[in-house]
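Participant:
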Amino acid sequence: MKEKEKQLPEKMREGQTPRAEFVPQVDIYEMKEAILIYCDLPGVSQDQLEITLEQQELTIRGEQQMQQFEELDNMKSEYATGLFRRSFKVPQAIDDANIKARLNNGVLELTLAKAKEALPKKITVQAA
Amino acid sequence: MYWIEHRKNWSPFDELRSLQREVNRLFDGAETAAAISRYPAVNIWGNNEKVVVTAELPGVDPNDLEINVVNNQLTIQGERKGDKPADEAVCHRAERGTGKFVRTIRLPYPVESDQVEATYKQGMLTINLPRQEATKPQRIEIKAA
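Structure follows, in structure tokens:
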């Protein structure tokens with residue numbers, strides 16, 4: 001709900017102020033040993049992307065550049081480009097040294113391995 | 001807006017229908033309504049010689065994309081598959097849509113369908129469409145009498 005509220009005014013602003021920040025769409029999956037985040041970032045190259053993890057807050061930010069065509073006029077614009085940012089609170093302890101990020105066909109795939117302490121432990125019941 | 005005074009046989013359904021008409025009219029052509037039905041979003045550039053169409057299509061296998069051109073109509077269709085990592089994965093958030101899509105775009109003039117080039121890079125589709133030779137504007141020389 002909080003995300004929704006944040007998204008709305010940005011969506012409304014994006015037509016007027018080109019420096020407004022976009023909120024990219026994400027999918028988040030949790031597995032036993034890792035958290036997987038998929039983020040749609042079309043037209044964003046590796047060097048225009050910054051991912052940080054600070055005090056359990058994961059931030060993806062950067063800039064999508066508009067493709068430029070010399071000698072051609074813009075006839076229709078349905079999407080705009082510019083700065084984008086998205087932050088998440090990561091509730092579990094994450095192994096900072098073991099974060100993998102991969103950009104594939106405009107989709108960022110982040111793999112956050114859970115720290116050893118956060119892995120589920122199986123407790124065996126001992127017979128009396 | 002028309003108000004028809006028909007108080008004699010008033011019916012709540014008529015009121016509802018007229019309300020529906022009004023709402024439909026409001027959304028017809030409005031940016032919000034149009035944006036939902038238009039996937040993928042495209043930007044179009046062009047001049048007298050050619051048109052370039054770019055579309056945001058992150059996470060689509062280029063083999064799943066089909067692009068057709070007939071005269072001045074460009075059709076982009078394909079499928080975006082989900083990337084659920086494993087069956088036992090728990091989904092916390094799913095904002096990225098999946099499924100099949102078709103979009104037809106009317107170009108300002110007919111294009112040479114055998115010279116159309118499409119590239120897919122970093123989730124961006126770029127289509128280059130050169131104008132049909134026969135439809136290019138011809139300059140007419142004026143002869144002195």
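Residue numbers (my numbering), protein chains in the order written: chain A, 1 to 128; chain B, 1 to 145. Built from N, CA and C at the ideal position, the CB exists for glycine as well.
In terms of residues, what are the limits of the beta strand (DSSP E) holding A/Ser77?
Facilitator: Here residue 77 of chain A is taken as the residue at index 77 of the first sequence, counted from 1. Asp73 to Ser77 is the extent of the beta strand (DSSP E) around A/Ser77.
Participant: Using the rule of at least 16 other Cβ atoms within 10 Å of the residue's Cβ for burial, across every protein chain shown, is A/Asp40 buried or exposed?
Facilitator: Position 40 of the first sequence holds residue 40 of chain A. Burial call: buried.
Participant: Quick one: what does DSSP say B/Pro130 is sitting in, helix, strand or coil?
Facilitator: Residue mapping note: residue 130 of chain B aligns to position 130 of the second sequence, counting from 1. B/Pro130 falls in the strand class under three-state DSSP.
Participant: Hey, does B/Val102 have any beta-carbon neighbour from chain A nearer than 8 Å?
Facilitator: On the second sequence, position 102 is the one that residue 102 of chain B refers to. Not closer than 8 Å to any Cβ of chain A, the Cβ of B/Val102 fails to qualify, so no.
Participant: Please report the distance separating the alpha-carbon of A/Glu63 from that of A/Glu71.
Facilitator: Start at 1 with the first residue of the first sequence, and residue 63 of chain A comes out as number 63. Start at 1 with the first residue of the first sequence, and residue 71 of chain A comes out as number 71. So the two alpha carbons sit approximately 24 Å from each other.
Participant: Do A/Ala113 and A/Tyr98 have their beta-carbon atoms positioned less than 8 Å apart in this structure?
Facilitator: For this step, residue 98 of chain A is matched to residue 98 along the first sequence. For this step, residue 113 of chain A is matched to residue 113 along the first sequence. Contrary to the premise, residue 98 of chain A reads as Asn rather than Tyr in this sequence. Yes.
Participant: Using the three-state DSSP reduction, which class does B/Phe13 fall into: helix, strand or coil?
Facilitator: Counting from 1 along the second sequence, the entry for residue 13 of chain B is found at position 13. Residue state, collapsed to three classes: helix.
Participant: Using DSSP with H/G/I as helix, E/B as strand and the rest coil, what is B/Arg21?
Facilitator: Indexing the second sequence from 1 puts residue 21 of chain B at position 21. B/Arg21 falls in the helix class under three-state DSSP.
Participant: What does B/Ile127 reach in chain A if we use C-beta pairs closer than 9 Å?
Facilitator: Position 127 of the second sequence, counted from the start, is the residue given in the question as residue 127 of chain B. Simply none; closest approach about 12 Å.
Participant: Return helix, strand or coil for B/Asn63, following the three-state DSSP convention.
Facilitator: Residue mapping note: residue 63 of chain B aligns to position 63 of the second sequence, counting from 1. Three-state DSSP puts B/Asn63 in a helix.
Participant: Smallest Cα separation from B/Met124: which of A/Gly82, A/Val23 and A/Met66?
Facilitator: Here residue 124 of chain B corresponds to residue number 124 of the second sequence, with the count starting at 1. That would be A/Met66, whose Cα lies nearest to the Cα of B/Met124.
Participant: Give a yes or no on whether 8 Å exceeds the smallest Cβ distance from B/Lys84 to chain A.
Facilitator: What you label residue 84 of chain B is simply residue 84 of the second sequence in a count that begins at 1. Yes, because at least one Cβ of chain A sits closer than 8 Å to the Cβ of B/Lys84.
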